[in-house]
Amino acid sequence: MLDRAFSGSQKYYRLLMALLVFMGLGFAAYLFQLNRGLTITGMGRDVSWGIYIAQFTFLVGVAASAVMVVLPYYLHDIKVFGKITIMVVLPYYLHDIKVFGKITILGEFLAVAAVTMCLLFIIVDLGKPMRLLNVLLYPTPNSILFWDMIVLNGYLILNILIGWNVLDAERKGVPYPHWVKPLIYLSIPWAISIHTVTAFLYAGLPARHYWLTAIMAARFLSSAFCSGPALLILLAYTVKKYTKFDPGQEAIEKLSIIMTYAMIISVFFVGLEFFTAFYSQIPSHMHSLVYLFKGLEGHRFLVPFMWLFTGLAVFALAMLLNPNTKRNEKKLKIACAAVFFSMWLEKGLGLIVAGFIPNPFDQVREYSPSIPEIMIALGVWATGFFVLTVLYKIATSVKEEVA
Amino acid sequence: MKIYNAKQIIPGLIIFLGLITFPFWFNMGKAAVPPEVKLDTPVIQQMAVKQCVLPKADMRTGHMQLLNDWRTEVVRNNQRIYVAADGKQYNMSLQNECMKCHSNKTQFCDQCHVYAGLQLGSVPYCWTCHIAPKEAK
Amino acid sequence: MEESRRSFLKLGGLCALGIGALPVVDALGKTDLPKVMNDPKALVGKRWAMVVDMKKCWEKGKPGCKDCSLACHVTHNVPEIGNVKEEVKWLWTEPFENAFPGQESHFMPGNMNEKPFMVLCNHCAQAPCVRVCPTQATFKRPDGITMMDFHRCIGCRYCMAGCPFGARSFNWKDPRNYIKTELNMTFPTRERGVVEKCNFCDERLAVGKLPACVEACKDGCLRFGDLEDPNSEVRKILASQFTIRRKPELGTDPSVFYII
């Protein structure tokens, strides 16, 4: 099926070329980083993780939710399905799985692209990437990073296997091979595990009070469930516009309902953090939030971004709470963009950096990304979208043929 | 048998063959200088019995493994003394033991390493951390 | 393809994989080191700890004295990067309100909030950095030292995120050009891309010497010893004087005690 990626319209090639340009620039910047070291970034002794890890954190959520939301579709023809009680939070749309039929493959392939970006962001962040295999050579079960490596790579393999084989079977007009089924069952809890484990990276550190909250994993889940579907909806509309493949209006509407609930919960969770911090008035709980939303000791770099997040989130909620939005393509697209971008601001920018501010000495040392750092990050995003474009091209070509 | 796309395939094959045989024709006529390993450091010259931690043949093939094992023992297991087969004790340290005798790194270690193409400082990269002894040039 | 030919190929592939694995297994086999042992002079302990007598340091020490810090940084070829963002430091001073955040108050004697304290890695008994390191590049030794293995570190900086005491520094660039003091030829430098911190001078303990900072303080403000040995110097001091530790509420069980 890979040959479908090598034939396409002019627009397809132009998109790939544009992405390749960004990938090339990012790669050049990465070579610069390999040559000089991580000093070229804006990270330092105090804020030792920056936008690389922040992007990875955000994309893990996108990767997980893209699959969890739609994957149960593959199991719709089995009565056993009703017994899947692990899906306590998802019973709603399990009742109407067939709706998701066409969009599932888009979710799978989005997960592949997102996890690829996650892994790339981790690699570009390492001080000694040539020693990457040490994580495999010296397994350390007490380290959450070790488990993160396992679940991320496992998830990548799972989604490639499932997505590819189901698509291939569809192309041939036969049911997918029987061994794919247990993998599908596996990938649903596995999707939960990738962002739970990633949340555990932060939630178990006694040093960082901003992250030391029990609801960190829950916050990851809720923001994933709105940012993932938001991107998936936008991609579905894009696919509908440029190819003959229509994922279906009902699927998009269902996704936007999930996105709405998840957005409400996400914003609610942020509110919960504020309550605990400011009602208890414990300095270590309050300081990072104050830094983000008001500025601490005169340092206010992230304040405008966080208020933009707030504004966009409120705006998105206002739009989504109106049930008519999901039926109006233009309005829905705006709402999705607002959801995605606001969640990116909160998780991709605010969460990681603010965890380090103030530092363990209660000093405020700020962080802002450098130009090469941004170029590398953009290069990795471009790589993810390149993978996404190629996979979507294959998927839509097959779907067009089969239809 | 008809060959399709011959206009692209044949030149492509020729370019490929040219690239893949590059090391051979580029270095034709040149001979790399064989390594001349010098053992005439002041410390070695003063030794009564000139012997290393292991016999020469073992050292040649196994010094990398030995250094790795020494590293594990010192850093991770906190054992610093090595008892050789003949009972002699050595301090397991590249900088402080090996280089005590072989203080002429450029005429000893580097000779074979450069010959084998390991001269860029990246492999073996012991010396980016472990301080090489100062040599009189 | 016929079913039988296909299964033959599958079997053949598996066999080739198996045969190919044999030399790999051989290669991974470790050489047996004849015998290794430790220097009989080495200092032996079950839990190395340090008592920092800041009261004595303020009373007896000359203002601006940096003997301990300098000794540490010279002994270990610690670079002087020159900017706050990327500095590398193993032992340095912080004012009370920064070394003990949350304990500062306006009603303390004198100007306690600004008084300098020597801070370093606390070699915690329950070290969070050890818990999070994915390669065990930082690990707990049986003698209580939280040790760094620079050869194994992949530079992920998870340990830096995990350390509640800000004790760890990363080499953002090649430190060799920034070593402003005379090189100690008996100790290596580090490369860019690895994390470093105080190692309780394990290389000195191994030959029977006390840590460099302890030896360097002319007024004897730094005391080093084995917490598990009831007769050690540090135990005697801890039994006779009140001491505080940094952030004990986090449960990391630090091994550095301060007399204020």
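Protein chains in written order, with the working numbering: chain S, 184 to 586; chain D, 1164 to 1300; chain A, 526 to 785. Backbone N, C-alpha and C fix where the C-beta goes; we use that ideal spot for every residue, glycine too.
Within 8 angstroms, strictly: CB atoms of residue i and residue j
i, j, result
"ARG693 of chain A", "LYS722 of chain A", "yes"
"GLU456 of chain S", "VAL547 of chain S", "no"
"VAL307 of chain S", "VAL486 of chain S", "no"
"HIS631 of chain A", "TRP615 of chain A", "no"
"MET672 of chain A", "ASP592 of chain A", "no"
"VAL522 of chain S", "ALA499 of chain S", "yes"
"ALA652 of chain A", "LYS640 of chain A", "no"
"GLY244 of chain S", "PHE403 of chain S", "yes"
"PRO555 of chain S", "GLN216 of chain S", "yes"
"LEU339 of chain S", "SER439 of chain S", "no"
"HIS470 of chain S", "PRO543 of chain S", "no"
"MET587 of chain S", "ILE375 of chain S", "Given that chain S is displayed from residue 184 to residue 586, the structure contains no residue 587 of chain S and the question cannot be resolved."
Sequence-distant residues of its chain with Cβ nearer than 7 angstroms to residue i (five each side left out)
i, result
"TRP617 of chain A", "SER594 and VAL644"
"PHE767 of chain A", "none"
Residue i at chain S interface by Cβ criterion, 8 angstroms
i, result
"TRP697 of chain A", "yes"
"TYR683 of chain A", "yes"
"ASN756 of chain A", "no"
"ALA652 of chain A", "no"
"ALA686 of chain A", "yes"
"VAL657 of chain A", "yes"
"ARG799 of chain A", "The first residue shown for chain A is 526 and the last is 785, placing residue 799 of chain A beyond what the model contains."
"SER529 of chain A", "no"
is_contact[residue i, chain A] using C-beta, thresh 8 angstroms
i, result
"ASN1259 of chain D", "yes"
"VAL263 of chain S", "For VAL263 of chain S, the predicted structure reports a pLDDT of 33, less than 50, and the residue's modelled location is therefore unreliable. A value from the coordinates is still provided. Taking Cβ atoms only, chain A never reaches closer than 8 angstroms to VAL263 of chain S, which makes this a no."
"VAL318 of chain S", "yes"
"PHE329 of chain S", "yes"
"GLN1214 of chain D", "no"
"GLN1208 of chain D", "no"
"SER376 of chain S", "no"
"HIS1293 of chain D", "yes"
"GLN1171 of chain D", "no"
"GLU1236 of chain D", "yes"
"ASN1168 of chain D", "no"
"LEU221 of chain S", "yes"
"ARG1239 of chain D", "yes"
"ARG1223 of chain D", "no"
"TYR1253 of chain D", "no"
"THR459 of chain S", "no"
"ILE1244 of chain D", "yes"
DSSP three-state assignment for residue i, whether helix, strand or coil
i, result
"ARG314 of chain S", "helix"
"GLY244 of chain S", "helix"
"TYR1245 of chain D", "strand"
"GLY1280 of chain D", "coil"
"ASP260 of chain S", "Because the pLDDT at ASP260 of chain S is just 47, under 50, the model does not fix this residue reliably, and the point stays unresolved."
"PHE625 of chain A", "coil"
"PRO555 of chain S", "helix"
"THR459 of chain S", "helix"
"TYR1253 of chain D", "strand"
"TRP573 of chain A", "strand"
"GLU774 of chain A", "helix"
"TRP1188 of chain D", "helix"
"HIS278 of chain S", "Residue placement at HIS278 of chain S cannot be trusted, given a pLDDT of 45 that sits under 50; the coordinates are not used to answer."
Neighbour flag for residue i against chain D, beta carbons, 8 angstroms
i, result
"THR714 of chain A", "yes"
"VAL609 of chain A", "no"
"LYS734 of chain A", "no"
"THR711 of chain A", "yes"
Cβ shell of residue i (< 8 angstroms), same chain only, five flanking positions each side left out
i, result
"ARG729 of chain A", "THR600, LEU735, PRO736 and ALA737"
"PHE488 of chain S", "LEU528, LEU532 and GLY533"
"VAL657 of chain A", "TYR683, CYS684, ALA686 and GLY687"
"GLY607 of chain A", "TYR703"
"GLN1274 of chain D", "PRO1198, GLU1199, VAL1200 and LYS1201"
"LEU475 of chain S", "LEU485, VAL486, MET489, GLY533 and ALA537"
Residues sharing a beta bridge with residue i, DSSP
i, result
"LYS580 of chain A", "Note: LYS580 of chain A sits in no beta bridge, so no partner."
"LYS560 of chain A", "D:VAL1246"
"GLY750 of chain A", "A:ALA574"
Proximal residues to residue i (C-beta, below 6 angstroms), its chain only, five neighbours per side dropped
i, result
"TRP507 of chain A", "There is no way to answer for residue 507 of chain A, as the model of chain A reaches only from 526 to 785."
"ASP778 of chain A", "CYS649, ALA650 and GLN651"
"LYS285 of chain S", "PRO430 and GLY431"
Within-8 angstroms CB hit, residue i to chain B
i, result
"THR671 of chain A", "Here chain B cannot be found, since the structure's protein chains are S, D and A."
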